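Trainee:
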Amino acid sequence: MTEKLRPIRRVVTGNDARDRSRVLFDSAAPNVNPGAVSPSAGMTDIWVFESCPAIISGERDDGNLPFHF
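Just so you know, we're using the numbering used here here: the sequence shown kicks off at 421 and counts up by one.
1) Is it right to say Asp-439 is buried, meaning 16 or more other beta carbons lie within 10 angstroms of its own, or is it exposed?
2) Would you call the CB atoms of Leu-444 and Gly-434 closer than 8 Å?
3) According to DSSP, is Gly-478 part of a helix, a strand, or is it coil?
4) Just to confirm before moving on: does the CB-CB distance between Asp-482 and Trp-467 stay below 8 Å?
5) Take Met-421 and list the residues in its own chain whose beta-carbon comes closer than 6 Å to its own, dropping the five residues that flank it on each side.
What follows is the structure in C-alpha cells.
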C-alpha cells in the first residue's frame, strides 16, 4: 500500500529583506516515510518545529528535517 503514497504539494511562504511576501518552497513535500507507522501505512512530514514558539524567519526547510516517529 505505501508504494502508492501520493505526493503532497507544500507551499511555504516567508518575507524577503524588504519585508515583502515571497514563496520559499513550492513542490512536493520532501520527507516521505513509507512504512513509518506499519508496513501498510506511511506518512509525509510537511512541517517540523524544534522549539516553541516555532522560529518562522529564515529559509531553512523545516519540512525536511530528520524524521522520528
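Every residue gets a Cβ at the ideal spot worked out from N, C-alpha and C, and that includes glycine. Keep in mind that this is a model prediction, so the values were computed, not measured.
Mentor: Inspection of the coordinates gives the following:
1) exposed
2) yes
3) coil
4) yes
5) Note on Met-421: pLDDT 44, under 50, position unreliable in the model; the coordinate value appears next. So the list reads Ser-460, once near-sequence residues are dropped.
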